[in-house]
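Those protein sequence lines, which keep their order, are chains A, B, C and D. Take the first sequence: its position 115, counted from the start at 1, is 115 in full-length UniProt numbering, and no numbers get skipped. Take the second sequence: its position 30, counted from the start at 1, is 30 in full-length UniProt numbering, and no numbers get skipped. Take the third sequence: its position 142, counted from the start at 1, is 142 in full-length UniProt numbering, and no numbers get skipped. Take the fourth sequence: its position 135, counted from the start at 1, is 135 in full-length UniProt numbering, and no numbers get skipped. Worksheet: one structure, shown below.
Protein chains: 4
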Amino acid sequence: MPFRRLGPSGLRVPLFSLGGWLTLGGTVKGDPVKDIIKVAFENGINMFDTAEAYAKGNSEKEMGRVLKELGIRRSDVVISTKLFWGLRNGPNDGGLSRKHIIEGTKEALERLQMDYVDIIFAHRPDNTVPIEETVRAFNYVIEKGWAFYWATSEWSAREIEEAYHVADMLNLIPPIAEQCKHHMFHRTRAESEYAPLYAKYDIGTTVFSALAGGILTGKYNGGNIPTDSRFENHKDFFKNTIAGFQTEEGKSQLTKVEKLTELAEKELNCKVSHLALAWIAKKPYTSTVILGASKPEQVIDNLKAIEVIPKLTPEIEEKIERILDNAPEAETTFGRPPLDKFRRALY
Amino acid sequence: MPFRRLGPSGLRVPLFSLGGWLTLGGTVKGDPVKDIIKVAFENGINMFDTAEAYAKGNSEKEMGRVLKELGIRRSDVVISTKLFWGLRNGPNDGGLSRKHIIEGTKEALERLQMDYVDIIFAHRPDNTVPIEETVRAFNYVIEKGWAFYWATSEWSAREIEEAYHVADMLNLIPPIAEQCKHHMFHRTRAESEYAPLYAKYDIGTTVFSALAGGILTGKYNGGNIPTDSRFENHKDFFKNTIAGFQTEEGKSQLTKVEKLTELAEKELNCKVSHLALAWIAKKPYTSTVILGASKPEQVIDNLKAIEVIPKLTPEIEEKIERILDNAPEAETTFGRPPLDKFRRALY
Amino acid sequence: MPFRRLGPSGLRVPLFSLGGWLTLGGTVKGDPVKDIIKVAFENGINMFDTAEAYAKGNSEKEMGRVLKELGIRRSDVVISTKLFWGLRNGPNDGGLSRKHIIEGTKEALERLQMDYVDIIFAHRPDNTVPIEETVRAFNYVIEKGWAFYWATSEWSAREIEEAYHVADMLNLIPPIAEQCKHHMFHRTRAESEYAPLYAKYDIGTTVFSALAGGILTGKYNGGNIPTDSRFENHKDFFKNTIAGFQTEEGKSQLTKVEKLTELAEKELNCKVSHLALAWIAKKPYTSTVILGASKPEQVIDNLKAIEVIPKLTPEIEEKIERILDNAPEAETTFGRPPLDKFRRALY
Amino acid sequence: MPFRRLGPSGLRVPLFSLGGWLTLGGTVKGDPVKDIIKVAFENGINMFDTAEAYAKGNSEKEMGRVLKELGIRRSDVVISTKLFWGLRNGPNDGGLSRKHIIEGTKEALERLQMDYVDIIFAHRPDNTVPIEETVRAFNYVIEKGWAFYWATSEWSAREIEEAYHVADMLNLIPPIAEQCKHHMFHRTRAESEYAPLYAKYDIGTTVFSALAGGILTGKYNGGNIPTDSRFENHKDFFKNTIAGFQTEEGKSQLTKVEKLTELAEKELNCKVSHLALAWIAKKPYTSTVILGASKPEQVIDNLKAIEVIPKLTPEIEEKIERILDNAPEAETTFGRPPLDKFRRALY
């Protein structure tokens, strides 16, 4: 398993990690969770990602229980969780106020049966709370020893800049990573909007939905929803996505998946899902790609993507871009000669 | 129950909260306290305000006992207490020295049987202690996890500005609110003196005495002091107020209450007390109006004010102002064109 | 003429100002420029906006010459110019390096025959120069006395936040305004992207193209390009815009202009151009709307918009929105109760 | 002539200085101005105070002309002027924006025919301009060499605290003095409101109206307005003051002046005006008392107050207080033992 630093931090994270969204504690409970986590850990995945809101707290509970039962040493794993959505409906049960960040962290640690997590994420931005309060509260959590790092999820580039602004002014610890949706059909934010942040702050991304909810596995090719697929299991949650298959945009995506499948199978000798995962993992700012799994075999299969990464030559990448035809525009310099990758201006 | 942010913080507080001054732990003890708090909580009031000095520590004790007995989850309520007056007479038993703030907070938490309060107030300014010591000490209390926020009570605008000055210089957390007396006959400080602070720092007010100690319920109309009224129960404390009924000023106030009563009953179909509470609650800088109650029914009755707020149209407000005839003068701009509500100058 | 503060500054600017883009020094030269500026000044317009790039430096030259010839007292006017595009093609002739900002300012002042301008704008962001260098250089210009304030033009919200970040860290003066394109068919940036900046920093906008290059005067209705129109005079510059008339989007816009024309004439007794100008001017964050003019009569006609502003009642605004059907979405709070206009959260 | 430091600065100012309000350049012009200034200078008064608004710029002009004609060395005098009211009616002609502070200072120096003044005052607070802009602009004026110090006039204690807040944050020079009205019948601001500022920042006061516009000379005793008095010469400006003589408050003041006159003549062998001037001059925070004069003899007469100062024993001061019966209340400490003059707490 290759490891990367998580953004500007010294923390090493595995290029592929395991996430608890929808599956662990949700559709999958009990011993199968243990099997999945055991296999993941034995195959080099030592980072496990969860959130207070995943399966209404049960994702944290199951993950905590299993890690304890497996007897895995705490320092051998990287655990991340997230706060924002809350578990109850009171006026202070959620968001990024000092009250919820502190109360929420304590509750999450109890569910996880841990003294600390490695990373605590702000699961969404909360523009109803002054950013100073939020940055101070995450720093409090770190100073208390309840987390080693904090990070953001689905924040805009402006909001992350704002967090750095406050952290710099107050000598506080800024966020080190962004947990963002990033896949072949959802590219602008990770590839373009965050570009100045990669350059200035070296933040990393912890990517979710790298397989576009399964679209990039090819299993929805033709617009079918197989039984036992994520979309079938969570019909309600994904109803817009499913309906999207019938739109022009949706059909175009499925066609592209077919072409990518051909490319993967013929030229790279792998599944399209391996190609899709490797393509995200190869991005220099990707710190870790979070895998979801409802069976141990899925984890093992997904990890084959590691071997595909070196096969993504400039020529192959060029072919992928021609198929996708959706590369976000580079930031304009309004006619000023742009900088090369060493930040030199080439006139 | 409508909720508002408390000043510039992310904490949501109910528009009406329950205070423990004079009643809880004082004239009211034991099971009636439980009844009052239970009814309040069931009706959406999740903020309870007390102070070390209320009923010599008994207000905190009763409140803590009752919340425990009722089994209310800590994160579901907002608890505030205050330090300044102390409970004993030693030279360091009070004020805003680091010694009293830290020792006093610990003792208050013991009486409340809690690990932390949400907000800790400086119950008065202490100009015998350097402001730096006071701001540092409240930040210590917050960093210890004993409170989430700190605030002031009955500080002048200059003193609050001074606290912001020190907090800014030292990167410390400034106060987020002012607990001030504000009612139809006591307006200057909340409506005029603090105006620059609302604009600059967005501080909120947690209002006490919104009913002017009961004058605005109409029960003292004619200058009578009914048995079982607050003034009768605390004759000594209120002796100046009671004597005031006989002055020209006092008589004028009672006449105004009579006119307001007519307005409330005829045009708004409510009691004058509802009108008085709604009028304070509607002010944009009011974060919460603290209700006092010696019986559960009073809480329920007072909350009817919520329905009156939307009835306070510009026309009704104009009528109220004509009756009161005591609006504080707006801050002069010495001939410079004043700013409108968007802070734009219209010449 | 109503005056407003320019953003968070103490500078008062007229709600309508005169800009030199394309016309002054470009299509219009010599005495007609004097006539236009004279009429503008006599009608209360005391702010004149130009840029180094307008008519290749000739806009500044003509404006400076005319103000001198008219004998207008320097302190009676607000002069703004902009740097970025440069006038020559050398590697350092443009952008926001310290070199170009200082050299460019000196040259602009020479062309204007002035010791200082009131506001100097960064005509575009320059992401090939570290923001620190740019903020420092504009502060240098201010400390030299060559400008009283600096501002941005066409910067993203993230870039402006970045400028505030650096200014705060280094105790430098931040930009006070954004000169942005804002009209009924170009709304997202001014109305949505900048919203957090209005709230946090109170920046103002100095709006250009409020008439969408003339589309909102109705003169292109039916897709015709009249002789003597801006699009005819600058065919090459506007070729994309003109081609756009034939697209679905373009046709839809012209239809909306027709409906707005009817609304203006029948319900407000004014031209559609007055309606369009008043609608921008009424936005609380608009500091000034920059008018373009190739004849004195145009200035006088445009100023009739001032009388239309108070006629834009909530009902009329609602009708306009129904015709436009393009209001930018409000920023999401991800389910947290949003703040009202007093920044209070109402749950 | 005794000299004092001006507040926390190193500048020495004479205990009595000469002001140009109403007289110099106003009711008195030409050679008499020269006579007054000459006599003042020969008698040790080396500080001359004026303002852009005094006599619409003519006070500065006359003062500048005379000092030049008298050949007084620049370094031998302390010159102060003030900005705020402006001389014209344009939207930017006044207030404390950067534009007016810089343009106004330049114009004032031209009228004074000087390269710099010693002190530049903000003649009023301008709450329509962010305090940061104002503090920065006065610092610019100082950095340019156009003034050595800046100060405030008629600012509230909160506003001065705010200026210190900004100056501290930005490492800028704060104001060193307050030019305030202070006389036996106008005491609260100087003696009570500013008390915390004297203690924290050691600011000084440059007092105007120490004789209450002449009331404390005894010349209006009985309510008469003598011809050639200030009130007669400026009837319109002082119409409220004159009308005030007929009120209960006004009569009470005149009675007090009569008693003070008796005290001055019988016990101190001086005029009541000398007593009134000495009483202000003796206050520890008074830096200079600004005299007005329309004749040279007045200057000489007023300076006799210097000899009265040491005669103001605790016993005499006690008698004065008994006559005045208007001492502002000391700041409350809410029951905390107050500090003595060495800032020690006496329990």
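Built from N, CA and C at the ideal position, the CB exists for glycine as well. Remember, it's a predicted structure, so these values are computed and weren't measured experimentally.
Going along chain C in order, which residues have a C-beta closer than 7 Å to the C-beta of residue i?
i                     : result
residue 211 (chain D) : What residue 211 (chain D) touches in chain C: nothing, since even the nearest Cβ is about 35 Å away.
residue 91 (chain D)  : 3 and 12
residue 331 (chain A) : 127
residue 121 (chain A) : Those do not exist, as residue 121 (chain A) stays about 14 Å from chain C at its closest Cβ, beyond 7 Å.
Going by DSSP, name the residue or residues bridged to residue i.
i                     : result
residue 179 (chain A) : A:153 and A:206
residue 14 (chain C)  : C:3
residue 79 (chain C)  : C:48
residue 39 (chain C)  : None; residue 39 (chain C) has no bridge partner.
residue 163 (chain D) : Bridge partners of residue 163 (chain D): none, in fact.
residue 305 (chain B) : Bridge partners of residue 305 (chain B): none, in fact.
residue 19 (chain D)  : D:49
Spatial neighbours of residue i within its chain, please: C-beta separation below 6 Å, excluding the five flanking residues on both sides.
i                     : result
residue 96 (chain C)  : 122, 126, 129 and 134
residue 50 (chain D)  : 20, 59, 60, 63 and 81
residue 112 (chain C) : 60 and 64
residue 329 (chain B) : none
residue 225 (chain C) : 231 and 232
residue 40 (chain A)  : 18 and 299
residue 218 (chain A) : 257, 261 and 272
Quick one: residues in its chain with C-beta nearer than 7 Å to the C-beta of residue i, no 5 flanking neighbours on either side, listed in chain order?
i                     : result
residue 311 (chain A) : 268
residue 250 (chain C) : 244
residue 35 (chain C)  : 296
residue 13 (chain C)  : 3, 4, 6, 47, 78, 287 and 288
Who are the near neighbours of residue i in its chain, counting only those whose CB is closer than 8 Å to its CB and skipping five residues on each side?
i                     : result
residue 168 (chain C) : 174
residue 306 (chain C) : 1, 2, 15, 16, 278 and 281
residue 163 (chain C) : 131, 134, 135, 152, 155, 174 and 175
residue 150 (chain D) : 119, 120, 121, 122, 138, 139, 141, 142, 173, 175 and 176
How is the beta strand (DSSP E) around residue i delimited, first residue to last?
i                     : result
residue 114 (chain B) : Looking at the DSSP string, residue 114 (chain B) is not in any beta strand (DSSP E), and its letter there is neither H nor E.
residue 28 (chain C)  : Careful: residue 28 (chain C) lies outside any beta strand (DSSP E) and carries neither H nor E.
residue 294 (chain A) : No beta strand (DSSP E) contains residue 294 (chain A), which DSSP labels as neither H nor E.
For the alpha helix (DSSP H) that residue i lies in, which residues bound it at each end?
i                     : result
residue 9 (chain C)   : Neither: residue 9 (chain C) is in no alpha helix (DSSP H) and is coded neither H nor E.
residue 63 (chain C)  : 58-69
residue 87 (chain B)  : That residue, residue 87 (chain B), is in no alpha helix (DSSP H); it is neither H nor E in DSSP.
residue 138 (chain C) : 131-143
residue 324 (chain A) : 314-324
Give the residues of chain A in contact with residue i, contact being defined as C-beta atoms less than 7 Å apart.
i                     : result
residue 339 (chain C) : 128
residue 355 (chain B) : Summary: the structure shown does not reach residue 355 (chain B), with chain B confined to residues 1 through 347, and so no result is reported for it.
Can you pull the chain B neighbours of residue i, defined as C-beta to C-beta under 8 Å?
i                     : result
residue 273 (chain A) : Within chain B, no residue comes near residue 273 (chain A); the closest Cβ sits about 41 Å away, beyond 8 Å.
residue 102 (chain A) : 145 and 148
Going along chain D in order, which residues have a C-beta closer than 8 Å to the C-beta of residue i?
i                     : result
residue 161 (chain B) : 158, 161, 162 and 165
residue 149 (chain C) : 98
residue 94 (chain B)  : 335 and 336
Along chain A, in chain order, which residues have C-beta atoms closer than 8 Å to that of residue i?
i                   : result
residue 9 (chain B) : 97, 98, 129, 130 and 133
Residues of chain B with CB closer than 7 Å to the CB of residue i, please, in chain order.
i                     : result
residue 189 (chain A) : Under the 7 Å cutoff, chain B gives no residues; its nearest Cβ is about 25 Å from residue 189 (chain A).
So which residues of chain C does residue i contact, with C-beta pairs closer than 9 Å?
i                    : result
residue 65 (chain A) : Result: empty, since nearest Cβ-Cβ is about 29 Å, beyond 9 Å.
Residues within the region 164-180 of chain D neighbouring chain G, beta-carbon criterion of under 8 Å: In the structure shown, chain G cannot be found, because the protein chains are A, B, C and D.
Residue ranges of each beta strand (DSSP E) within the region 192-277 of chain B, 3 or longer: 204-208
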